[in-house]
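> Quick one: structure below, then a few questions.
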Amino acid sequence: MTAKISLTRYLVEKQRVDESVPSHLRLLIEVVARACKSISHAVNKGALGGVLGTAHTENVQGEVQKKLDIIANEVLIEANEWGGHLAAMASEEMDEILAVPHRYPQGEYLLLFDPLDGSSNIDVNVSIGTIFSVLKKPENGHGQAVSEQDFLQCGSRQVAAGYCIYGPQTTLVLTVGDGVAMFTLDREQGSFVLTEDQVRIPEDTKEFAINMSNMRHWDAPVRRYVDECLEGKEGPRGKDFNMRWVASMVADVHRILTRGGIFMYPWDKREPEKPGKLRLMYEANPMSWLVEQAGGAATNGRQRILDVQPKKLHERVSVILGSKNEVERVTKYHGT
Ligand code: AHM
Ligand code: MG
């Protein structure tokens, strides 16, 4: 019988073979995984753990927070602040960055997360997840305190990214820039076990994911793309398409990494001053890097998402990602 490869072993081997995972980065990823395990337990308990429902507070984006949004945020902070691997954290649920308190050793990494993505699905028992992105703190002179400016780096500078999906299985999906690996939580052993390595997204697909209720607000290129899909075999695409929309980005992206597809949350006319709904730094960037590492593509319609220079921490972005040929098609429509 071949031995199961745990997340720890996977990372140790990466560290040993090509040093793509320095020891502090390995510690960071393991701590995030441990926090995700704990969030997974809270999610599983649901009503029995008293974790469902609203917290009656709002985050910086003016969204009502659920109890689990806050619990997941606290779990991630408590797990990460004392290990010595981080300089600071940023989260969808916190207005400002959180520097590691001075009583703990300071590390060289920056961790960003959406602690509980798909919040609208928590209370209805549909898959949700945690998304994370890791950057290196830039060298900015000796002893200078970490600031929001240090976080404002393009997604192409990420050194690790991933998500953990809390669904029928709890699965951690990770990239350190050497392909995408999936680890399933073995609850009896309490460890994440490698169940898929070097994930590949098919270049073509017959499946698209978009919130169709916003159709009347879309811009012409997105409308054209979806119209052509809906025309099916008789239309210009010459094939029938299927549609899926979970309303949890983690679940939609997980499906795309598993069997292909295209996911879109484009800019729309409801709030024209906002570039999109999803957040660049802790939703779009980690997901875009995972998708690219699996052979897919990710753009905002005009530009590769990983090349977008963030101007603020909670910046939003239009997102088109998934099977390469489809993403290229939608992006081309934006240019014509
Ligand atoms: P959240 O981080 O507050 O949960 O919001 C992000 C979610 C994504 O997971 C999902 O793709 C999208 O919002 C769903 O939006 P909508 O409810 O407009 O379909
Ligand atoms: Mg989210």
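Just so it is clear: in the sequence shown, position 172 is 171 by numbering that gives the first Met the number 0, and no numbers are missing.
The beta carbon of each residue, even a glycine, is placed where N, CA and C say it ideally should be.
Just the C-alpha distance for aspartate 94 and glutamate 233, rounded to the nearest angstrom, thanks.
Roughly 49 Å separates the two Cα atoms.
> Can you tell me which of the three DSSP states aspartate 94 falls into?
The answer is coil: DSSP assigns aspartate 94 none of H, G, I, E or B.
> What does the Cβ neighbour count give for serine 287, buried or exposed, with the cut at 16 atoms within 10 Å?
Classification of serine 287: buried, given that the 10 Å Cβ count is 16 or more.
> With a cut-off of 8 Å, do at least 3 Cβ pairs link the stretch 10-26 to the stretch 122-129?
With a cut-off of 8 Å, the stretch 122-129 and the stretch 10-26 do not count as touching, because too few Cβ pairs lie within range.
> Could you check whether the Cβ of glycine 334 sits closer than 7 Å to any heavy atom belonging to the ligand GTP?
Absent from the structure shown: the ligand GTP. Ligands present: the ligand AHM and the ligand MG.
> With a threshold of 7 Å on Cβ separation, who are the neighbours of proline 100 within its own chain once the five nearest residues in sequence on each side are excluded?
So the qualifying residues of the chain are Glu80.
> So cysteine 163 is in the beta strand (DSSP E); what residue range does that whole segment cover?
Run containing cysteine 163: 159-165, per the beta strand (DSSP E) assignment.
> Out of Pro274, Pro201, Leu67, Ala144, which one is the CA nearest neighbour of alanine 86?
Alanine 86 has its Cα closest to that of Ala144, out of Pro274, Pro201, Leu67, Ala144.
> I need the DSSP call for asparagine 139, collapsed to helix, strand or coil.
If DSSP states are grouped into helix, strand and coil, asparagine 139 belongs with coil.
> Rounding to the nearest angstrom, what Cα-Cα distance links glutamate 138 and cysteine 153 in this structure?
Their Cα atoms are separated by approximately 16 Å.
> In the DSSP assignment, what residue or residues form a beta bridge with isoleucine 130?
In the DSSP output, where bridge partners are listed per residue, isoleucine 130 has Asp113, Tyr162.
> For my contact list, lysine 136 and tyrosine 108 are in at a C-beta cut-off of 8 Å; report their separation, rounded to the angstrom.
Between tyrosine 108 and lysine 136 the Cβ distance is about 7 Å, and since that is below 8 Å, they are a contact.
> Phenylalanine 191: which of Ile28, Leu24, Arg15, Thr1 sits nearest, CA to CA?
Nearest C-alpha to phenylalanine 191: Ile28.
> Mind checking who tyrosine 108 pairs with in its DSSP beta bridge?
Paired residues: Leu85, Lys135.
> May I ask which residues mark the beginning and end of the beta strand (DSSP E) holding glutamate 206?
206-208 is the extent of the beta strand (DSSP E) around glutamate 206.
> Considering valine 221, what are the terminal residues of the beta strand (DSSP E) in which it resides?
Counting along the chain, valine 221 falls outside any beta strand (DSSP E), though it belongs to the alpha helix (DSSP H) covering 219-229.
> Looking at lysine 276 and the ligand AHM, is the gap between the Cβ and the nearest heavy atom below 7 Å?
Yes - the ligand AHM has a heavy atom lying nearer than 7 Å to the Cβ of lysine 276.
> Note down the Cα distance separating lysine 238 from isoleucine 96, rounded to an integer number of angstroms.
Going from the Cα of lysine 238 to the Cα of isoleucine 96 covers about 47 Å.
> Determine whether the beta carbon atoms of serine 37 and glycine 128 lie at a separation below 8 Å.
No, the Cβ-Cβ distance between serine 37 and glycine 128 is not below 8 Å.
> Hey, out of Arg328, Thr183, Arg258, whose CA is closest to proline 235's CA?
With distances taken between Cα atoms, proline 235 lies closest to Arg328.
> Can serine 126 and tyrosine 165 be called in contact, C-beta distance under 8 Å?
Against a cut-off of 8 Å, the Cβ pair of tyrosine 165 and serine 126 comes out as a contact.
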